[in-house]
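As structure tokens, the structure follows; a few thoughts come after it.
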Amino acid sequence: MSTYKPQKFAKLLGCSVKTLQRWDREGVLTANRTATGRRYYTHDQYLEHLGLKRKGSDNCLCPSFKLCTKTRLKKSAQCPT
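The sequence shown begins at 1 in this note's numbering and counts up one residue at a time.
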């Protein structure tokens with residue numbers, strides 16, 4: 001499973017690190033924590049935020065969803081819904 005530091009995750013979502021920190025405090029998008037208390041996010045959280053995966057599920061909601069090598073959505077593979 002891929003993990004992301006807050007700066008990388010914020011870039012993927014198109015928001016700021018401060019927004020991620022606020023979302024974590026408010027429970028909107030809760031960060032995972034390392035043993036030393038540092039925030040990190042998972043690829044599953046990325047898919048859940050995009051609405052392509054249900055929380056706690058192993059199945060992707062859009063079977064045609066694919067990621068390129070830089071973990072960005074390919075235009076041809078965007079979910080039709």
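Virtual Cβ for every residue (Gly too), placed ideally from N, Cα, C. Fair warning: this is a prediction, and the values are worked out from it, not measured in the lab.
Exercise. For the candidate residues Leu52, Tyr46, Pro6, whose alpha-carbon lies nearest to that of Gln21?
Worked result: Pro6
Problem set entry | Rounded C-alpha distance that separates Thr34 from Tyr41 | 10 Å
Exercise. From what residue to what residue does the beta strand (DSSP E) around Arg39 run?
Worked result: 39-42
Problem set entry | Other residues of its chain near Tyr4: CB distance less than 6 Å, five sequence neighbours each side excluded | Tyr41
Exercise. Looking only at its own chain, which residues have a Cβ that is under 8 Å from the Cβ of Ala10, when we skip the five neighbours before and after it?
Worked result: Ser16, Val17, Thr19, Leu20
Exercise. Among the residues of its own chain, which have a CB less than 7 Å from the CB of His49, if the five just before and after it don't count?
Worked result: Leu13, Leu29
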